[in-house]
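Residue numbers (this note's numbering): 559 to 910.
We treat Cβ as the ideally placed atom computed from N, Cα and C, and that holds for glycine.
Just so you know, these numbers come straight off a predicted model, no measurement behind them.
Here's the structure, in structure tokens; my notes come after.
And the structure:
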């Protein structure tokens, strides 16, 4: 089985061809960073327009790189939720059109399920380790942060254990970077500066450190950095800026790692999987691997290309449905929210 995946949920236009075993035959990603950088974040209208301009050539290149034609594809998979509504519509309408023109089945895929199954992708020339089921997945990105118990690669087999009450982890990185004048996207810049900084030099409170809760909250740490900058000004020299970035990143990574370990212990599961754009963070990858090794847990950390938004993960998530003969042709709806049931209530206040 060969599946063409299409991803346009946010600010990457992506297409990929993947086989039924997760083998990646092609994976093309067109980034919109240059479009949104002047605004310090993603502008939904600009994202949609850029998808319109680039979706067709990206898909053509993905087919070409894989050495196949649309007629050779057995089915299509397209991100339909969660994401920016206008951006999602571009990918869904294009996938529906290609499905109709080629007479091929098409299925809608939840973007978060794509991140979960990304650990099963096999990329040419890249060593990878496939996780065994069940596992605990930490999905951390610019729009989402949550812990899941994964018993199967279908929607019914994924259960949220705890999520963020407010900002996502990647969102906190981007907002802090904007406060410090580091540009967009902020995560890679902060990670690069933090590598040479001292995380003990600046006192920043840990974000929602309660060990008995699997929920996250990152709005407070962003406020702490804002107050530091308001009182002291943004660091003028690279050394001081690196220390501040290192302190912020250490607090973020510590809480992500600790709560993931707690979740695995609580669920009596020995395998942990990282996913989402924040899983590309150097310190998070190292800290999670180290913490798991100390506790005789297995950490599966996908290659960087499988962490950030891509269409290969969408294609493989689609494989799971297409292989059962499912077809959403003419019925795919888009939504800004995930189809995975949430257990975490947004906002402040005591939980019952």
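1. So, residue 730 versus residue 846, is the Cβ gap smaller than 8 angstroms?
2. Run through DSSP, which three-state label would residue 565 get?
3. Which word fits residue 559, buried or exposed, when buried means at least 16 other C-beta atoms lie within 10 angstroms of its C-beta?
4. Could you give the residue range of the alpha helix (DSSP H) that holds residue 840?
5. Can you tell which of 838, 710, 705 has the C-alpha that lies nearest to the C-alpha of residue 720?
6. Out of 645, 617, 651, 739, point me to the one whose CA is closest to residue 561's CA.
7. Please report the straight-line C-alpha distance between residue 653 and residue 741, rounded to a whole angstrom.
8. Tell me the DSSP secondary structure of residue 675 in three-state form.
9. Can you tell me where the alpha helix (DSSP H) holding residue 643 begins and where it ends?
10. Contact criterion: CB-CB distance below 8 angstroms. Does residue 714 meet it with respect to chain C?
11. Mind checking residue 591: buried by the 16 CB within 10 Å criterion, or exposed?
12. Note down, in chain order, each residue of its chain lying with its Cβ closer than 7 angstroms to the Cβ of residue 841, except the 5 sequence neighbours on either side.
13. Are residue 893 and residue 717 touching if we call contact CB-CB under 8 angstroms?
14. Under the three-state reduction of DSSP, which class applies to residue 588: helix, strand or coil?
15. Pull up the distance between the alpha-carbon of residue 850 and that of residue 693, whole angstroms please.
16. Would DSSP call residue 742 helix, strand or coil?
17. Which class does residue 688 belong to by DSSP, given the choice of helix, strand or coil?
18. Identify, in the order they occur along the chain, each residue of the same chain with its Cβ nearer than 7 angstroms to the Cβ of residue 580, setting aside the five sequence neighbours on each side.
19. With which residues is residue 830 paired in a DSSP beta bridge?
20. Just curious, the alpha helix (DSSP H) that residue 577 is in, first and last residue?
21. Using 10 angstroms around the beta-carbon of residue 910, count the other beta-carbons present and answer buried if the total reaches 16, otherwise exposed.
22. Have a look at 779, 871, 738, 585 and flag the residue whose alpha-carbon is nearest the alpha-carbon of residue 834.
23. If you measure between the beta carbons of residue 567 and residue 642, is that distance less than 8 angstroms?
24. What's the C-alpha gap between residue 800 and residue 814?
25. So, are the CB atoms of residue 657 and residue 664 less than 8 angstroms apart?
26. For residue 783, count neighbouring C-beta atoms within 10 Å of its own C-beta (all shown protein chains included) and say buried if the count is 16 or more, exposed if not.
27. So, with DSSP's three-state summary, where would you put residue 889?
28. Considering only C-alpha positions, which residue in the set 827, 838, 651 is nearest to residue 676?
29. Determine the closest residue to residue 777 out of 788, 597, 764, 587, with distance taken between C-alpha atoms.
30. Looking at C-beta atoms only, is the number of pairs between the stretch 812-832 and the stretch 857-865 that lie closer than 8 angstroms three or more?
31. Pop quiz: residue 780 and residue 733 are said to be a contact at Cβ under 8 angstroms. What is the actual Cβ separation, rounded to whole angstroms?
32. Could you check whether residue 869 and residue 674 sit closer than 8 angstroms to each other, using their CB atoms as the reference points?
33. Which residues share a DSSP beta bridge with residue 680?
34. My output table needs one value for residue 910: the three-state DSSP class, helix, strand or coil.
35. Are residue 624 and residue 575 close, meaning C-beta to C-beta below 8 angstroms?
36. Exposed or buried, which one is residue 758 when buried takes at least 16 other CB atoms within 10 Å?
Taking the geometry as given:
1. Residue 846 is positioned such that its CB atom lies no closer than 8 angstroms to that of residue 730.
2. Secondary structure at residue 565: strand, using DSSP grouped into helix, strand and coil.
3. By the C-beta density criterion, residue 559 is exposed, having fewer than 16 other C-beta atoms within 10 angstroms.
4. Segment 840-852, the alpha helix (DSSP H) holding residue 840.
5. Looking at the Cα atoms, 705 is the closest of the given residues.
6. Nearest option by C-alpha distance: 617.
7. Approximately 34 angstroms between the Cα atoms of the pair.
8. In the structure shown, residue 675 adopts helical secondary structure according to DSSP, grouped into three states.
9. Residues 643-660.
10. No chain C appears in the structure shown, which is made up of a single protein chain.
11. Within 10 angstroms of the beta-carbon of residue 591 lie fewer than 16 other beta-carbons, which makes it exposed.
12. Cβ within range, chain order: 749, 752, 807, 811.
13. No; because the gap between Cβ atoms is not below 8 angstroms, this pair is not in contact.
14. Looking at residue 588 - three-state DSSP - the assignment turns out to be strand.
15. So the alpha carbons of these two residues sit roughly 13 angstroms apart.
16. DSSP, reduced to helix, strand and coil, places residue 742 outside both helices and strands of the structure shown, so it counts as coil.
17. Residue 688 carries a coil assignment under DSSP once its states are collapsed to helix, strand and coil.
18. If we look at residue 580 and ignore the five residues flanking it on each side, its Cβ neighbours are 678, 679, 680, 874.
19. Bridge partners of residue 830: 694, 857.
20. Per DSSP, residue 577 lies in no alpha helix (DSSP H); the unbroken beta strand (DSSP E) holding it starts and ends at 570-577.
21. Here the model assigns residue 910 a pLDDT of 49, short of 50, so the residue's position is not dependable, and the following value carries that caveat. It counts as exposed.
22. Per the C-alpha coordinates, the member of 779, 871, 738, 585 positioned closest to residue 834 is 871.
23. Yes, these two residues count as a Cβ contact at 8 angstroms.
24. Cα-Cα distance, rounded: 21 angstroms.
25. Result yes, Cβ atoms of residue 657 and residue 664 sit closer than 8 angstroms.
26. Residue 783 is buried by the Cβ-count criterion.
27. For residue 889, the three-state secondary structure derived from DSSP is coil.
28. Answer by Cα proximity: 838.
29. Cα-wise, what sits closest to residue 777 is 764.
30. As far as the Cβ criterion goes, the stretch 812-832 touches the stretch 857-865, which means the pair count is three or higher.
31. The pair is a contact, with the Cβ atoms about 5 angstroms apart (cut-off 8 angstroms).
32. No.
33. Beta-bridge pairing links residue 680 to 581.
34. For residue 910, the predicted model reports a pLDDT of 49, less than 50, meaning its position is unreliable and no value from the coordinates is stated.
35. Cβ atoms of residue 624 and residue 575: closer than 8 angstroms.
36. With fewer than 16 Cβ atoms within 10 Å of its Cβ, residue 758 is classed as exposed.
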